[in-house]
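Only one structure is covered here, and it is reproduced in the block below.
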Amino acid sequence: MRMSGTAERGGPLGGVRVLELAGLGPGPFAAMLLADLGADVVRVDRPERGGMFGMDPALDFTNRGKRSVELDLKTEEGAAAVLALAERADLLVEGFRPGVAERLGVGPEQALAANPRLVYGRVTGWGQEGPLAHRAGHDLTYLAPTGALALGGDPDAPPTFPANLLGDFAGGSLYLVVGLLAALRHAERTGEGQVVDAAIVDGAAHLTTLLHGLMAAGGWQDRRGSNLLDGGSPFYGCYETADGKHMAVGALEKRFYNEFTERLGIAETAPAREDFDHWDELRARIAAAFRTRTRAEWTKVFADSDGCVAPVLSLREAPHHPHLAVRNTFVPGPDGTPQPAPAPRFSATPAPAPGPLLTPGADTAAVAEEWGVKGLSDPRNSPSGA
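All residue numbers for the sequence shown refer to this note's numbering, where the first residue is 155 and numbers rise by one.
Structure (structure tokens):
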């Protein structure tokens with residue numbers, strides 16, 4: 155770790171330097187996770203480039219806790235400045251299409267030549283190799299061939315998907331961070347850096363490991379809505395309430411199921427839990443019962459029970475859930491807007507509070523001084539501190 159001259163924020167990754175080459179989606183989120191854990195993350199922003207979906211980078215929560223330098227990577231001077239920063243970094247995060255970083259002169263070969271201990275993390279949809287490696291795509295199209303997309307939704311309708319959480323952030327960002335930290339451990343022990351190739355298709359496929367095992371054992375069917383965990387079971391799903399909102403039910407185990415049906419008021423009349431031939435009838439009885447009260451009323455009914463029932467809340471509602479409020483799962487952003495707090499939590503090295511949102515280029519001079527890269531404040535000048 156590069157402790158000397160590093161902006162120390164505390165947390166388990168305090169003292170770790172991360173260089174992020176600005177991109178979209180999985181890369182920025184992965185770098186945010188590292189910043190949340192205390193790493194000193196410096197993002198390289200390109201001149202006159204806006205944020206994702208046209209969002210002002212200063213309002214993008216995935217930019218929290220980072221600092222920014224502004225460099226034109228299409229110039230020799232800009233590329234040289236990036237390599238000078240890479241020489242002083244522990245980790246690098248890059249999410250360009252395969253070959254782009256190499257053409258810009260900041261690919262793994264050039265970066266590792268400057269810093270043999272560097273861990274160079276690459277996150278893409280299709281990966282660095284394979285027949286689709288150079289094709290465009292987004293979360294949805296990366297999920298599609300892995301089998302993960304086919305899991306959700308009504309069996310007689312197109313598959314549904316949870317925004318871009320499952321592919322970009324679970325299959326991409328989280329796997330990149332796991333890879334970066336594992337490779338960092340190796341570099342600390344051996345002095346040897348390496349490249350981490352985090353493909354969303356690989357990560358999303360890996361997430362389905364348990365289901366492939368169940369399928370091999372005959373415990374999972376390819377048809378949606380035919381399995382215990384995909385809506386096939388009437389006691390594992392979502393139901394509409396009297397006010398058009400929803401409750402989630404996950405009463406899988408028998409003792410939880412018994413408490414669930416007791417609180418719902420159908421314990422004496424519902425078909426047996428193990429009577430698969432009457433699951434459609436059981437589902438109808440559960441649905442009819444939930445439609446008799448509002449979401450708020452059912453939340454009170456199940457508040458002190460182990461019936462495994464919870465209200466389905468929107469993004470705006472979630473910060474006000476009493477359990478999440480007590481845990482400070484959401485914290486105020488710079489303007490008071492709630493944002494998710496860093497996770498997970500550490501007993502000995504608690505993560506710092508989310509840092510301020512970056513302003514592109516605003517930290518160039520400070521980073522140049524702290525990281526010892528002279529001339530960085532002017533990308534037209536070669537970094538003589540390299």
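Just so you know, even glycine gets a beta-carbon here, dropped at the ideal spot from N, CA and C.
In this text, all values refer to a predicted model and were calculated from it rather than measured experimentally.
For PHE484, the enclosing beta strand (DSSP E) starts and ends at 484-486.
If you draw a 10 Å sphere on the C-beta of ASN381, you find 16 or more other C-beta atoms in it, and that means buried. Three or more Cβ pairs drawn from the region 352-369 and the region 284-302 lie within less than 8 Å of each other, which places the two stretches in contact. VAL273 and ARG417 have their alpha carbons spaced roughly 53 Å apart. With the rule of 3 Cβ pairs closer than 8 Å, the region 418-432 does not count as touching the region 477-494.
Taking a C-beta distance under 8 Å as the contact criterion, LEU320 and PRO313 do not qualify as a contact pair. Under the three-state reduction of DSSP output, GLY391 falls in the strand class. Here DSSP, grouped into helix, strand and coil, assigns ALA353 to strand.
Here GLU174 carries a strand assignment [DSSP, helix/strand/coil]. In this structure the region 395-404 does not touch the region 337-348; the number of beta carbon pairs closer than 8 Å is below three. Within the DSSP bridge table, the entry for VAL196 names LEU173 and ARG221 as partners.
Beta-bridge pairing by DSSP links VAL277 to ALA352. If you draw a 10 Å sphere on the C-beta of MET401, you find 16 or more other C-beta atoms in it, and that means buried.
THR446 and ARG378 have their alpha carbons spaced roughly 28 Å apart. A Cβ-Cβ distance of about 3 Å is found for the pair GLY181 and GLY249, placing them in contact under the 8 Å criterion. For ASP190, the closest C-alpha among the options ARG221, LEU178 and LEU175 is that of ARG221. The region 406-422 makes no contact with the region 464-472; the number of CB pairs closer than 8 Å stays below 3. Here THR491 is exposed. Its C-beta has fewer than 16 other C-beta atoms within 10 Å.
In terms of Cβ geometry, LEU239 and TRP525 form a close pair [threshold 8 Å]. Residue ranges of uninterrupted alpha helix (DSSP H) with 4 or more members, entirely inside the region 417-444 and ordered along the chain, are 433-444.
Counting the other CB atoms within 10 Å of its CB gives ALA235 a total of 16 or more, which places it among the buried residues.
Comparing alpha carbon positions, the residue from LEU512, ALA193, PHE215 and PHE389 closest to PHE183 is PHE215. In the structure shown, PRO182 falls within a helical segment according to DSSP collapsed to helix, strand and coil.
A residue is called buried when at least 16 other Cβ atoms come within 10 angstroms of its Cβ; ASP199 meets this threshold and is buried.
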